Amino acid sequence: MREIAAAMTAMGVVLMMAAATGCKKLPPPTPLDQLTAQQTHGYEVYQAHCASCHNDRTNDPLNGQSLRGIFKKQYLTSGAPANDDRVMNAIIVGRPMMPALGGDMTPQEREDLLAYMHTL
Ligand code: HEC
0 MREIAAAMTA MGVVLMMAAA TGCKKLPPPT PLDQLTAQQT HGYEVYQAHC ASCHNDRTND
60 PLNGQSLRGI FKKQYLTSGA PANDDRVMNA IIVGRPMMPA LGGDMTPQER EDLLAYMHTL
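In terms of numbering that gives the first Met the number 0, the sequence shown has 63 at position 64, counting the first letter as 1, and numbering is strictly consecutive.
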């Protein structure tokens, strides 16, 4: 019994550490060859408009933070909830150090982009 209790405690500590370190333990992005047509189009939009500043498939920051696992986390870097509305808002109006990019894309392209970002 004591061994089981100790194992459970150790497991709890590991889980807490995983939660604290965040992105390192997130499930990996969907492989590119398994994306739907819409997600694949969103990937192209991402390459054209976001990839110069944000990595999508690794955790390393570029000009901005990595967006890998963006919708698998509860919060964005700013502390705003990680949901479609807030991410779309960042795309359309920009952030303090990020240009507003909404006007560079059609509404459909923005939707496809979000669909892709949900696979990260
Ligand atoms: C010129 C560089 C640049 C480009 C291009 C860029 N970003 Fe950013 N982005 C940043 C920087 C820098 C930050 C973090 C600092 C800040 O909030 O201004 C950021 C922050 C963000 C955030 C976090 C917002 C928050 O509330 O924490 C999201 C989401 C985001 N970018 C998405 C995108 C998407 C999607 C694209 C492509 C459409 C994109 N960015 C293109 C530089 C860029």
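Just so it is clear, CB atoms sit at the ideal spot from N, CA and C, and this is done for glycine as well.
Keep in mind it's a predicted model, so treat the numbers as computed, not measured.
- Just measuring C-alpha positions, the residue of His53, Gln107 and Ala79 sitting nearest Gly63 is His53.
- Look at which beta carbons fall closer than 5 Å to any heavy atom of the ligand HEC; those residues are His48, Cys49, Cys52, Asn62, Gly63, Leu75, Thr76, Ser77, Ala79, Val86, Ala89, Ile90, Arg94, Pro95, Met96, Met97 and Leu100.
- Annotated three-state conformation of Pro80 is strand, per DSSP.
- For the set Pro30, Met104, Asp111 and Pro28, the Cα lying nearest the Cα of Asp83 is the one of Asp111.
- Residues Ala81 of the same chain have their beta carbon placed closer than 6 Å to that of Lys72, with the five preceding and five following residues left out of the count.
- Listed in chain order, the alpha helix (DSSP H) elements of length 4 or more contained wholly in the stretch 35 to 111 are 36 to 48 and 83 to 92.
- For Leu113, the secondary structure class from DSSP, reduced to helix, strand or coil, is helix.
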